[in-house]
Amino acid sequence: MGRIERAESLDALAETLRRAVRAVPLGKGRDLLHGRWLGHPVHPVLVEVPVGAWISAAVLDAVPGGGRAAGLLVAVGLAGAVPAAAAGLVDWAELERPQARVGLLHAALNIGAVTCYSASLVARLTGHGLRGRAYALAGLCTLGAAAAAGGHLAYRQAAGANHAEDVPHLVPPGWTPVGPLAEIPHDQPVRRMVGEVPVAVVRDGDGSCRALADRCSHDGGPLSEGSVEDGCLQCPWHGSSFRLADGWNATGPATAPQPVFDTRLQDGQVYVRLRTPPPVRH
């Protein structure tokens with residue numbers, strides 16, 4: 009996996025595919041596939057259908073008289089693989105290069121598994137049951153390898169994880185000064201520190217301030233280098249936008265809201281304090 013992460017030779021292919029995926033006019037369907045409505049990526053949820061169906065098919069293939077039911081489950085798995093792949097592709101298109109390289113391996117192995125199961129279904133429908141079982145077994149082994157690559161993406165490379173989850177655990181309690189109001193420009197985020205946590209502070213036209221945790225929940229991008237549009241702070245890396253009022257992720261690919269800070273002005277100094285409980289959608 010380490011060699012795959014460092015394989016720069018994959019970048020040209022990855023960039024071509026990335027542009028193609030981003031060019032598909034999905035509209036609001038893109039956020040639906042990212043899982044913004046769910047609060048975390050929807051791809052792992054959709055994957056349960058093909059994986060569950062194909063594992064069950066393997067069990068039935070080992071049971072006398074289970075071949076017909078196993079064939080039905082192979083077909084169910086192939087149908088379920090379509091939305092799972094679509095969700096995985098839109099997530100993959102927003103990954104960093106080392107993650108995208110491992111993602112290509114994950115996708116290639118999944119394509120191999122789908123090919124095996126497609127051959128298995130054709131063999132079963134044409135009366136070649138033993139051959140169908142063999143193809144299904146090969147597909148299951150390939151699926152296991154794909155799962156290992158997917159696990160590396162999620163748990164080793166933190167793809168799809170909430171990169172702002174640690175903020176409540178690191179921010180010191182109470183109000184913390186972040187500098188004079190005069191040094192904070194209007195409608196332009198600036199980076200300030202609250203203990204060990206970077207915070208993006210924005211000054212409104214009326215002189216009040218808004219503040220969000222600086223590291224984007226999607227992939228840790230610096231929101232303080234982003235732009236303010238329609239009351240939202242947009243990440244410069246992948247375009248996720250968060251409402252300054254409450255930190256809610258207005259658009260993806262971010263699936264988790266951004267930690268938000270209350271602000272107050274005292275003697276010309278801006279003070280911030282982490283707002284608890286965390287943002288709730290409304």
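Each residue of the sequence shown is one higher than the one before, starting from 9 at the first, in the working numbering. Idealized CB from N, CA, C, for every residue including glycine.
Assuming residue 65 is part of the alpha helix (DSSP H), what are its boundary residues? 51-69
Endpoints, the alpha helix (DSSP H) within which residue 274 is located: Element bounds for residue 274: not the alpha helix (DSSP H) but the beta strand (DSSP E), 268-274.
Would DSSP call residue 14 helix, strand or coil? coil
Quick one: what's got a C-beta closer than 6 Å to residue 84's C-beta in the same chain, skipping five residues either side? 61
Decide if residue 32 is buried, meaning its Cβ has at least 16 other Cβ atoms within 10 Å, or exposed. exposed
For residue 185, the residue or residues it bridges with in DSSP: 279
In terms of alpha-carbon separation, which member of 56, 26, 280 lies closest to residue 180? 280
Strand pairing of residue 241, partner residues [DSSP]: 236, 250
By how many angstroms is the C-alpha of residue 172 removed from the C-alpha of residue 121? 35 Å
By a C-beta neighbour count over all protein chains shown, 10 Å radius and 16 as the cutoff for buried, is residue 200 buried or exposed? buried
Whose CA, out of 227, 192, 152, lies closest to the CA of residue 101? Nearest C-alpha to residue 101: 227.
Would you check if there are 3 or more beta carbon pairs closer than 8 Å linking the stretch 207-219 to the stretch 262-278? yes
If distances are taken between C-alpha atoms only, which option among 168, 40, 221 comes closest to residue 231? Checking every option, the nearest Cα to that of residue 231 belongs to 221.
Count the CB pairs spanning the stretch 100-117 and the stretch 155-163 that are closer than 8 Å, and state whether there are at least three. Because the criterion of three Cβ pairs below 8 Å is met, the stretch 100-117 and the stretch 155-163 touch.
Would you check if the distance between the CB atom of residue 35 and the CB atom of residue 263 is smaller than 7 Å? no
Within a Cβ cutoff of 6 Å, which residues of the same chain sit near residue 242, ignoring the five residues on either side of it in sequence? 234, 235, 249
Quick check on this structure: which residue in 91, 73, 116, 57 has the alpha carbon closest to the alpha carbon of residue 141? 73
Taking the C-alpha atoms as reference points, what is the distance between residue 7 and residue 267? What is shown of the chain runs 9 to 290, which leaves residue 7 out entirely.
Whole angstroms is fine: what's the gap from residue 257's alpha carbon to residue 106's? 25 Å
Got a sec, what are the start and stop residues for the alpha helix (DSSP H) residue 176 sits in? Residue 176 -> alpha helix (DSSP H) spans 175-178.
In terms of residues, what are the limits of the alpha helix (DSSP H) holding residue 217? No alpha helix (DSSP H) holds residue 217; the beta strand (DSSP E) holding it covers 217-221.
For residue 80, which of 58, 96, 265, 97 has the nearest alpha-carbon? 58
When we look at the beta-carbon of residue 271 and count the other beta-carbons within 10 Å, is it buried (16 or more) or exposed? So residue 271 counts as buried.
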